[in-house]
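Residue numbers (this note's numbering), protein chains in the order written: chain A, 409 to 685; chain B, 228 to 541.
Put into structure tokens, the structure is as follows:
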């Protein structure tokens, strides 16, 4: 009995420590929000206060007045949406065909795709830049999106999911019923793979929403910037103080953070399902 | 005439294979038709650039000069004695090792507590630790930079309570590396924790119950059941984290850029140096050779993982 009580006290201590650590984890986000809501003079207080003494939304108004945050958010939205749609399409179709059709080179192609999935973009970004330059797409939205229309890992992931959850018998039955191949893919396969598709969609959306180095390389017209790049540029402009900057930072992170808080179960499951970052 | 002969020949071949029903043929037409554009995109956006990076490394290739001369191994050799590259490689390695060890150690601890002693707080911990993972790095680093600020930062204020003098987290060369590691660990630990947690939860309870019946202590259960079964997942997470950490860029870029004329110390890292050589000095050949070295690191890490994975477990 005593043993058990001592054990549960230890457990309580560890749990409290863990929650404290968890609060440290969210502190940078809390700090940005808190800083964004206080008037500039309060930034100089020593020691710094956790919460503003005078709450204000002026910093947000100033941020939106000083820089085109609205345009940047819209650019990010366009970028992430188109990229996600393309990645879903190419991954689903590519994965399904690789999984269910035997043709010479199938296995080789699969291994090639798997191998490139692990190579980080930073390694081959120089030739991608040259390609986009040859296509005259430097400093355009299509040039920004192009490298993000395909995801090697997505094709691999979909292939594995098709193998795991789409039985051959079902496909044959659908063919006998006279469903076309395209129809089978749209009506049957995509429905059976709904959880995998939503996991991949979350991953693809996060990937392009947080992308930084490629937008930095390919864009120089600030009206085309996605919000992360815009924020980085806003950061180095002369007339900005920390309160206004924090407001901009909150704007840039709010969409993914809010989406996570709403869809957290699904997002965490998606990450564990895709196992990729 | 010739095409007619081929057509007849094809017809004969087809009729000799009555086992291929027309619907099957249609299916293959579909497969090739839809796969072709995807393979084309894949070749254009992944295979070609990866191969071309290696080729570029052998050229004196300037973005502003149309003459591209083959220089053999010059770029690769010159890099080895280039102090910028040496510093960047060393820094990146320190950051990668620090980030990997700390983020996995911490993630393992947190996952173990949540899996075996979490009680009701498991869900809350998952959310708190995972939030940084979905936070874009630019705003996250801005938040960190304000926390690390020399005069008005929260971290120095907390240190001050213990009588420790203010530290120059973003302007001192050594401390700036510590700061980058801190931010990287912060951004990575939640992801690692979730992956490890899935692994721990998939270990059958039966193993622990059997061990408990045999009188094994919690520590011994952990040591002899949890840990060995977690090795493959730990390995996977280690390799992924190390590769990620070797590509550190955004944190460094944002931490070094200034607000109101107070620039931080720029921690030279590999990707930043590639960026610099390629897009500041337009020396694509040199930058590509540097990228090849980074590629080699990734390949070595992958090989280590495959080696260890294929080793039979005892």
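Glycine included, C-beta positions come from ideal geometry on N, C-alpha and C.
Candidates the options: closest to residue i by CA position
i, options, result
"residue 443/A", "371/B, 472/B, 428/B and 446/B", "371/B"
"residue 293/B", "538/A, 673/A and 641/A", "538/A"
"residue 278/B", "522/B, 527/B, 423/B and 528/B", "522/B"
"residue 536/A", "280/B, 406/B, 315/B and 257/B", "280/B"
"residue 305/B", "318/B, 295/B and 287/B", "287/B"
"residue 471/B", "592/A, 669/A and 530/A", "530/A"
"residue 621/A", "302/B, 503/B, 340/B and 445/B", "503/B"
"residue 519/B", "404/B, 300/B and 413/B", "300/B"
"residue 664/A", "617/A, 576/A, 637/A and 592/A", "617/A"
"residue 272/B", "458/A, 490/A, 462/A and 559/A", "559/A"
"residue 659/A", "518/A, 615/A, 418/A and 478/A", "478/A"
"residue 470/A", "656/A, 680/A and 576/A", "656/A"
"residue 576/A", "562/A, 561/A and 596/A", "596/A"
"residue 320/B", "511/B, 408/B, 388/B and 296/B", "408/B"
"residue 569/A", "605/A, 585/A and 551/A", "605/A"
"residue 291/B", "375/B, 507/B, 527/B and 515/B", "507/B"
"residue 398/B", "412/B, 420/B, 373/B and 386/B", "373/B"
"residue 612/A", "459/A, 678/A, 669/A and 629/A", "678/A"
"residue 435/B", "452/B, 421/B and 367/B", "452/B"
"residue 673/A", "639/A, 649/A, 633/A and 610/A", "610/A"
"residue 427/A", "308/B, 350/B and 327/B", "350/B"
"residue 547/A", "630/A, 534/A, 452/A and 666/A", "630/A"
Same chain, Cβ closer than 7 Å to residue i, neighbours up to 5 away in sequence not counted
i, result
"residue 383/B", "377, 393 and 394"
"residue 418/B", "360"
Cutoff 8 Å: residue i Cβ touching any chain B Cβ
i, result
"residue 688/A", "No information on residue 688/A is available, as it lies outside the stretch 409 to 685 that chain A covers here."
"residue 516/A", "no"
"residue 606/A", "no"
"residue 487/A", "no"
"residue 459/A", "no"
"residue 502/A", "yes"
"residue 566/A", "no"
"residue 445/A", "no"
"residue 611/A", "no"
"residue 668/A", "yes"
"residue 594/A", "no"
Contacting residues, own chain, Cβ-Cβ under 6 Å from residue i (five flanking each side not counted)
i, result
"residue 456/B", "430"
"residue 481/A", "635"
"residue 315/B", "495, 496, 497 and 500"
"residue 241/B", "Its pLDDT being 49, under 50, residue 241/B is placed unreliably in this model, and the value from its coordinates should be taken loosely. Excluding residues within five positions, none has a Cβ falling inside 6 Å."
"residue 483/B", "491 and 493"
"residue 571/A", "507"
"residue 284/B", "302, 515, 516 and 519"
Beta-carbon neighbours of residue i, restricted to chain A and to distances below 7 Å
i, result
"residue 474/B", "528 and 530"
"residue 279/B", "535"
"residue 370/B", "436, 437, 439, 440 and 657"
"residue 261/B", "501 and 505"
"residue 340/B", "422 and 426"
Residue-level contact to chain A via CB, residue i, 8 Å cutoff
i, result
"residue 344/B", "yes"
"residue 396/B", "no"
"residue 444/B", "no"
"residue 357/B", "yes"
"residue 521/B", "yes"
"residue 390/B", "no"
"residue 275/B", "yes"
"residue 289/B", "no"
Neighbour list for residue i in chain B, Cβ cutoff strictly below 8 Å
i, result
"residue 661/A", "362, 363, 366 and 367"
"residue 456/A", "379, 380, 381 and 384"
"residue 617/A", "363"
"residue 630/A", "Ordered by position in chain B, no residue passes the 8 Å Cβ test against residue 630/A, which lies about 15 Å from the chain."
"residue 495/A", "Under the 8 Å cutoff, chain B gives no residues; its nearest Cβ is about 11 Å from residue 495/A."
Where residue i meets chain B, residues with beta-carbon distance less than 7 Å
i, result
"residue 603/A", "Result: empty, since nearest Cβ-Cβ is about 15 Å, beyond 7 Å."
"residue 589/A", "253, 254 and 257"
"residue 553/A", "Simply none; closest approach about 11 Å."
"residue 672/A", "354"
"residue 419/A", "344"
Supposed close pair residue i, residue j - CB separation, criterion 8 Å
i, j, result
"residue 261/B", "residue 501/A", "5 Å"
"residue 592/A", "residue 582/A", "5 Å"
"residue 627/A", "residue 643/A", "With 8 Å as the limit, residue 627/A and residue 643/A do not qualify as a contact, their Cβ atoms being about 16 Å apart."
Chain-ordered neighbours of residue i on chain A, where CB pairs are closer than 9 Å
i, result
"residue 330/B", "By Cβ distance, chain A contributes nothing, its closest Cβ being about 12 Å from residue 330/B, past 9 Å."
"residue 433/B", "Chain A residues near residue 433/B: none, gap ~22 Å exceeds 9 Å."
"residue 269/B", "498, 502, 517, 520, 521, 524, 558, 560 and 563"
Residue-chain proximity (residue i, chain D), Cβ-Cβ < 8 Å
i, result
"residue 570/A", "The structure shown contains no chain D; its protein chains are A and B."
Beta-carbon neighbours of residue i, restricted to chain A and to distances below 8 Å
i, result
"residue 351/B", "427 and 430"
"residue 299/B", "Within chain A, no residue comes near residue 299/B; the closest Cβ sits about 19 Å away, beyond 8 Å."
Spatial neighbours of residue i in its chain, beta-carbon cut-off 8 Å, leaving aside the 5 residues before and after
i, result
"residue 424/B", "338, 341, 342 and 353"
"residue 447/B", "438"
Cross-chain neighbours of residue i in chain B, by beta carbon under 9 Å
i, result
"residue 654/A", "366, 369, 370 and 373"
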